[in-house]
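Here's the structure, in structure tokens; my notes come after.
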Amino acid sequence: MLKQKFCRHETQSSNPIPVDLLMDVLSLVPAKTIARFRCVSKSWASIFRREDFTELFLTKSSTRPRLLFTFKVDGKLCLYSTLQPHNPDDNSSLVAAPYTSFPKQVATSTSTPVCGLFLLQERRKKKVRVVCNPATGEFLTLPKVLLREKNLLAKDTEARDKIVGMYLGYDPKRKQFKVLCMTRTSSPYEVRDNTHQVLTLGPGKRFWRPVERKFHFEENFIIWRELCINGVLYFGTGRCSYYSSEIVCFNVGSEKFSFINTNEEMRYSNTCSSLTLFNYKDRLGVHRREDTYQTRIVFWVIEDAENHKWFKHIYELSSLGKNMITGTRFVGMTSTGEFVWGSPGNHEHSLYLIFYNLEGETFTNVNVQGIQELTHQYRFIDTYVDYVENMKWLM
């Protein structure tokens, strides 16, 4: 009897709120709550899958960026998150909460998030490569890449292809996510141009397609991280050798390659130096870690990609600043203009971030609490700034 009364009441008051107003209200709700709201009714579930709601939620979400922390526990990838502070007070604290985790069979190496999505891959272990959306908890398994395998009847020196890099990009014009797969010849006796492949995420069958331009691609050990800015995917390569420095530019929409040379000063290296790509006000930036003690902040911003022109920035550090970022790892730059460094792991069961305001030239130390897994043992932690929740459903 009670059940019948409840159903009659739901019918009489169905859809009392205009859809546009309901969408506007729901776009302010946290992503994790939206994921639970899908079970409220079929009409609500259909709203959450509408493209205009996804775009509205993404727009609102970009005004409340988050910090994302990823690390491995017992072979699984775990993610924690908290709202990203703007101009935080010194010695303040943030409380990170569990965000999502994935099964053990899923790869655990994360890439830089692109419009809310991650590419997870792992080279050495036979784990599943996926594109995942931490906000919804979904992940999509990528199809196997078909490569030119070694002929078992031929000589041992015959070359075969192998995957040396996968990168996630986003085309804002067509609103499409694509995965780029870079390959190279595994034989040291043959250096040749390779055919690289791309996959478009979307409804229907997903398959790898060859990209028109062929070129020899080598792994790079100087330039770290990959970025997608305004529809262009950037990552490092050593087309001549492992330790040369060049930046690949892949236009996600047109699927065309171009290259940016690093200058000789950027390629200056010692045993502690490395170059890290980062987003500098929607332009490509390259940060250089000069030495263990990091006596100054040095980075370049691209001014003219076609002519390989860079503008160099140098910030001399005070003794306090040097001490604060010594032993840390450069994380990136926030959309509000703050450089961020993080402890590479939980030193003495604690995690902290260092914020540097470029305009005011001031440092702030922020402790991160709430990650229970850090109390047991040392873990290597990846930190991402400006993470924007996206309610795009992968399936």
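For the sequence shown, the working numbering assigns the number 3 to the initial residue and increments by one for each residue that follows. Built from N, CA and C at the ideal position, the CB exists for glycine as well.
Measuring alpha carbon to alpha carbon, tell me which of the options ends up nearest residue i.
i                 : options                        : result
phenylalanine 219 : Arg208, Arg211, Cys251         : Cys251
proline 32        : Ile19, Thr297, Tyr101          : Tyr101
tryptophan 312    : Asn265, Gly323, Thr336         : Asn265
serine 103        : Cys80, Arg125, Ser113          : Cys80
glutamate 140     : Met168, Ile373, Pro105         : Pro105
threonine 197     : Arg215, Gly204, Pro205         : Arg215
serine 320        : Gly204, Ser113, Gln296, Val133 : Gln296
valine 166        : Glu221, Asp195, Leu23          : Glu221
Cβ of residue i within 8 Å of Cβ of residue j?
i                : j              : result
proline 90       : valine 333     : no
glutamine 86     : leucine 60     : no
tyrosine 147     : cysteine 117   : Reading off the sequence, residue 147 comes out as valine, not tyrosine. No, these two residues do not count as a Cβ contact at 8 Å.
serine 345       : threonine 328  : no
lysine 394       : threonine 187  : no
isoleucine 224   : serine 276     : yes
alanine 109      : leucine 122    : yes
valine 254       : lysine 180     : yes
glutamate 228    : threonine 239  : no
arginine 298     : glutamate 267  : no
histidine 88     : threonine 338  : yes
aspartate 163    : threonine 185  : yes
asparagine 281   : isoleucine 231 : yes
phenylalanine 71 : threonine 385  : yes
isoleucine 316   : valine 300     : yes
proline 67       : tyrosine 389   : yes
glutamate 340    : asparagine 325 : no
tyrosine 236     : leucine 170    : no
In the DSSP assignment, find the beta strand (DSSP E) that holds residue i and state where it starts and stops.
i              : result
arginine 291   : 285-291
asparagine 359 : 353-359
valine 300     : 298-306
methionine 326 : Where methionine 326 is concerned, there is no enclosing beta strand (DSSP E), although the alpha helix (DSSP H) it sits in stretches over 321-327.
glutamate 318  : 311-318
valine 200     : 199-202
alanine 33     : From DSSP, alanine 33 is part of no beta strand (DSSP E) but of the alpha helix (DSSP H) over 33-39.
cysteine 335   : First, the amino acid is wrong: residue 335 is methionine here, not cysteine. Where methionine 335 is concerned, the enclosing beta strand (DSSP E) stretches over 331-335.
alanine 99     : 99-103
arginine 186   : 178-187
cysteine 230   : 229-231
Could you tell me if residue i is buried or exposed, where buried requires 16 or more neighbouring beta carbons within 10 angstroms of its beta carbon?
i                 : result
phenylalanine 365 : buried
cysteine 41       : exposed
serine 95         : exposed
valine 213        : buried
aspartate 284     : exposed
isoleucine 19     : exposed
phenylalanine 209 : exposed
threonine 138     : buried
arginine 211      : exposed
proline 115       : buried
proline 145       : exposed
aspartate 92      : exposed
glutamate 308     : exposed
methionine 397    : exposed
glutamine 199     : buried
lysine 314        : exposed
Can you tell me where the alpha helix (DSSP H) holding residue i begins and where it ends?
i             : result
glutamate 267 : Looking at the DSSP string, glutamate 267 is not in any alpha helix (DSSP H), and its letter there is neither H nor E.
valine 27     : 21-28
aspartate 54  : 53-63
serine 48     : 44-50
Does chain D have any CB closer than 8 Å to the CB of residue i?
i           : result
glycine 347 : Included in the structure is just one protein chain, with no chain D present.
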